[in-house]
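Engineer: Just so you know, the sequence shown maps onto residues 1 to 227 in UniProt numbering. By construction, the Cβ of each residue, glycine as well, lies at the ideal position given by its N, Cα and C atoms.
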Amino acid sequence: MTAKWEKLEGNEGVLTIDVEAEKVDAALDQAFKKVSKKVNVPGFRKGKVPRSLFEKQYGVESLYQDALDILLPEAYAAAVTETGIEPVDRPEIDIETMAKGTTLVFTAKVVVKPEVELGEYKGLEVEAQDTTVTDEDVEAELKQLQERQAELVVVEDGAIENGDTAVFDFEGFVDGEAFEGGQAENYSLEIGSGQFILALKSKWLVLKLAKKKTSKYHSLKSITLRI
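Dropping the structure here:
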């Protein structure tokens, strides 16, 4: 077997590989033994049909694919070792010549590791970052952990305070008419988070649980929210 490596643009190249005729014929023999066990030829048991009769009826070409399955992996691996390339992907195989009693010639288009030129790195200086941790930093991190791990507890009675989470239904009206997207059920809101209409925020702090209230929010139009 011989192999030749041709570099293309980027990190691609082509291997041209020749496999000796003797190896081709040996692979065809193995392929025939495998295939003959599966074909039905009148007058012969499976696996007992003469090679000449098989090739006359089916053609030697019917053995090529099985022979290639035997030849290509071994030849490609040997070519990679011989040329010293480092493929990073499967090759694109193209068969140029394949026939009984002749040399197999095929090409393999290969993507290899890119060539990297190492720049100057000796003598480089890196400024150390300030890693001082203050008590305030620790407290802030602990507070975030507490908030992430906190669990909601249902309170049956009592006033709603900042930081509490309220779950309620609401319906909005513009000039007395309900508008699209202005209603919701089981709406969850953290009091004091600023996620709801700001003008209403302070009014709901004094509400008792399970109470109903109607309020007006004045913007471009009069919007009434029923909670």
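For A166, which beta-bridge partners are listed by DSSP?
Structural biologist: As a working mapping, residue 166 is identified with position 166 in the sequence shown. A166 is bridged to L189.
Engineer: Considering only their Cβ atoms, is the gap separating P87 from V116 smaller than 7 Å?
Structural biologist: In the sequence shown, counting from the first residue as 1, residue 116 sits at position 116. In the sequence shown, counting from the first residue as 1, residue 87 sits at position 87. Not a contact, by the Cβ cut-off of 7 Å.
Engineer: Give me whichever residues DSSP pairs with D175 in a beta bridge.
Structural biologist: The sequence position of residue 175 within the sequence shown is 175, counting from 1. Under DSSP, D175 forms no beta bridge with any residue.
Engineer: Excluding the 5 residues preceding and the 5 following residue 233 in the sequence, name in chain order all residues of the same chain whose CB lies nearer than 7 Å to its CB.
Structural biologist: Given a span of 1 to 227 for the chain in the structure shown, any question on residue 233 remains unanswerable.
Engineer: Candidates D89, G101, D18, P91: which alpha carbon is nearest A75's?
Structural biologist: By one-based count along the sequence shown, residue 75 stands at place 75. The candidate whose alpha carbon is nearest that of A75 is D18.
Engineer: What does a CB cutoff of less than 8 Å around G47 pick up in its chain, not counting 5 residues either side in sequence?
Structural biologist: Taking the first residue of the sequence shown as 1, we reach residue 47 at position 47. The answer, listed in chain order, is K33, S36, K37.
Engineer: Rounding to the nearest angstrom, what Cα-Cα distance links N162 and V155 in this structure?
Structural biologist: Against the sequence shown, residue 162 aligns to sequence position 162. Against the sequence shown, residue 155 aligns to sequence position 155. Taking the straight line joining both Cα atoms gives about 14 Å.
Engineer: Do L15 and A67 have their beta-carbon atoms positioned less than 7 Å apart in this structure?
Structural biologist: As a working note, residue 67 is residue 67 in the sequence shown. As a working note, residue 15 is residue 15 in the sequence shown. No, the pair does not count as a contact, with Cβ atoms beyond the cut-off.
Engineer: The beta strand (DSSP E) spanning D94 covers which residue range?
Structural biologist: Position 94 of the sequence shown, counted from the start, is the residue given in the question as residue 94. Counting along the chain, the beta strand (DSSP E) containing D94 begins and ends at 92-97.
Engineer: Given a cut-off of 7 Å on the beta-carbon distance, is the pair G119 and A21 in contact?
Structural biologist: Within the sequence shown, residue 119 is the residue found at index 119, counting from 1. Within the sequence shown, residue 21 is the residue found at index 21, counting from 1. Going by C-beta atoms, G119 is not nearer than 7 Å to A21.
Engineer: For F54, report the span of its beta strand (DSSP E) as first-last.
Structural biologist: As a first step, residue 54 must be located in the sequence shown, where it is residue number 54. Unbroken run through F54 is the alpha helix (DSSP H), 51-58; no beta strand (DSSP E).
Engineer: Specify the secondary structure class of E61 as computed by DSSP and reduced to three states.
Structural biologist: Taking the sequence shown and counting its residues from 1, the one referred to as residue 61 is at position 61. Correct three-state label for E61: helix.
Engineer: Decide if L63 is buried, meaning its Cβ has at least 16 other Cβ atoms within 10 Å, or exposed.
Structural biologist: Taking the first residue of the sequence shown as position 1, residue 63 is located at position 63. Around the C-beta of L63, 16 or more other C-beta atoms lie within 10 Å, and the residue is accordingly described as buried.
Engineer: Which residue's Cα is closest to the Cα of Q183: E96, E82, F168, I85?
Structural biologist: Here residue 183 is taken as the residue at index 183 of the sequence shown, counted from 1. The shortest C-alpha separation from Q183 is found at F168.
Engineer: Give me whichever residues DSSP pairs with V80 in a beta bridge.
Structural biologist: As a working mapping, residue 80 is identified with position 80 in the sequence shown. According to DSSP, V80 bridges with nothing at all.
Engineer: Let me know the beta strand (DSSP E) ranges lying completely inside the stretch 91-159, each 3 residues or longer, listed in chain order.
Structural biologist: 92-97, 104-111
Engineer: What is the DSSP secondary structure of P73, counted as helix, strand or coil?
Structural biologist: Reading the sequence shown from its first residue, position 73 is the one you call residue 73. Of the three classes helix, strand and coil, the one that applies to P73 here is helix, per DSSP.
Engineer: With 16 as the cutoff for other CB atoms within 10 Å, does G176 come out buried or exposed?
Structural biologist: Stepping through the sequence shown from its first residue, residue 176 is reached at position 176. So G176 ends up on the exposed side.
Engineer: When the Cα atoms are used, what is the spatial distance from L152 to Q144?
Structural biologist: Here residue 152 refers to the residue found at position 152 of the sequence shown. Here residue 144 refers to the residue found at position 144 of the sequence shown. Going from the Cα of L152 to the Cα of Q144 covers about 16 Å.
Engineer: Please report the Cβ distance between E82 and A27, rounded to the nearest whole angstrom; I am assuming they are in contact, meaning their Cβ atoms lie under 8 Å.
Structural biologist: Looking up residue 82 in the sequence shown gives position 82. Looking up residue 27 in the sequence shown gives position 27. About 20 Å; that fails the 8 Å criterion.
Engineer: In whole angstroms, what separates the C-alpha of F173 from that of E180?
Structural biologist: Position 173 of the sequence shown holds residue 173. Position 180 of the sequence shown holds residue 180. Rounded to whole angstroms, F173 to E180 spans 9 Å at the Cα level.
Engineer: Our contact map puts I95 next to A31 with C-beta atoms below 8 Å; I'd like the distance itself, whole angstroms only.
Structural biologist: As a first step, residue 95 is located in the sequence shown; it is residue number 95 there, counting from the start. As a first step, residue 31 is located in the sequence shown; it is residue number 31 there, counting from the start. With a Cβ gap of about 15 Å, I95 and A31 do not count as contacting.
Engineer: Per the DSSP calculation, I17 is bridged to which residue(s)?
Structural biologist: Along the sequence shown, one-based indexing puts residue 17 at 17. Looking at the DSSP assignment, I17 forms a beta bridge with A3, F106.
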